[in-house]
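> Just dropping this structure here.
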Amino acid sequence: MSIFKRFYPNLYTKTTYNIDFVKLFDHGYRGIIFDIDNTLVPHDAPADIRATMLFKKLHAMGFQTMIVSNNKEPRVKSFADVVGSEYVFQADKPGTKGYLEAVARMALPKERVIVIGDQFFTDIWGANRSGLCSVMVGRISPKEPPHIHLKRVLEQPIKRAYFKKRRQEKKQGLDGWENM
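Each number in my numbering comes from the position in the sequence shown (counting from 1) with 183 added on.
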């Protein structure tokens with residue numbers, strides 16, 4: 184077992200926008216917690232039409248959504264207002280407080296909530312520590328502030344170990360999405 188396992192997502196996909204949300208809904212998920220930057224839009228970008236349409240689709244399907252971000256309220260609120268979602272700002276990820284607040288506000292059991300984010304050390308580790316299903320997505324843009332870039336460098340050993348594990352699982356015919 185890898186020493187990095189605590190940072191591994193339950194699932195991985197290249198982008199938020201190719202997730203089969205119908206499949207997730209059919210498997211009983213009813214709440215989705217999203218990170219913003221490099222999960223839904225490039226870092227510091229406003230909500231775009233793609234994000235807006237995704238949230239409309241999810242709400243029409245019956246999903247509840249929450250934005251959980253370490254950003255300050257003006258950034259998170261402006262994004263959440265455009266996509267029509269509730270939010271938790273300054274969530275202190277990878278701490279559990281922001282995630283657990285989001286789950287409580289959705290009034291759903293943890294087993295019905297999924298977290299989607301792009302960073303091992305914040306989004307995924309925080310979701311895992313909170314007992315939530317975690318989905319890692321590839322980052323949208325390589326342009327990020329220096330402190331995020333540093334985290335990406337530090338995440339490299341975890342990323343290599345995780346993708347090695349995934350390759351082994353695929354050879355065995357296992358794919359996390361099939362278990363959803």
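Glycine is no exception: its CB is placed at the ideal position from the N, C-alpha and C atoms.
Measure the Cβ-Cβ separation of residue 242 and residue 248 and say whether it is below 8 Å.
yes
> Let me know the secondary structure DSSP gives residue 362 once reduced to three states.
In this prediction, residue 362 has a pLDDT of 46, which is less than 50 and means its spatial position is unreliable; what the coordinates show is noted afterwards. DSSP places residue 362 in helix when its eight states are reduced to three.
> Can you check the segment 229–298 for any alpha helix (DSSP H) of at least 4 residues that lies completely inside it and give the ranges in chain order?
Residue ranges of uninterrupted alpha helix (DSSP H) with 4 or more members, entirely inside the segment 229–298 and ordered along the chain, are 232–244, 256–266 and 280–289.
> In this structure, how does DSSP classify residue 196 when only helix, strand and coil are distinguished?
strand
> So residue 296 packs on residue 286, CB below 8 Å; how close in whole Å?
5 Å
> Would the segment 321–335 count as touching the segment 202–209 if we require 3 or more Cβ pairs under 8 Å?
no
> Taking residue 214 as part of the beta strand (DSSP E), name the residues at either end of that continuous run.
Its beta strand (DSSP E) spans residues 214–217.
> In this structure, how does DSSP classify residue 224 when only helix, strand and coil are distinguished?
strand
> Using three-state DSSP, classify residue 211 as helix, strand or coil.
Three-state DSSP puts residue 211 in coil, outside helix and strand.
> Give me the Cβ distance between residue 368 and residue 307, rounded to the nearest whole Å; I'm assuming they're in contact under 8 Å.
With the chain covering 184 to 363 only, the question about residue 368 has no answer from this structure.
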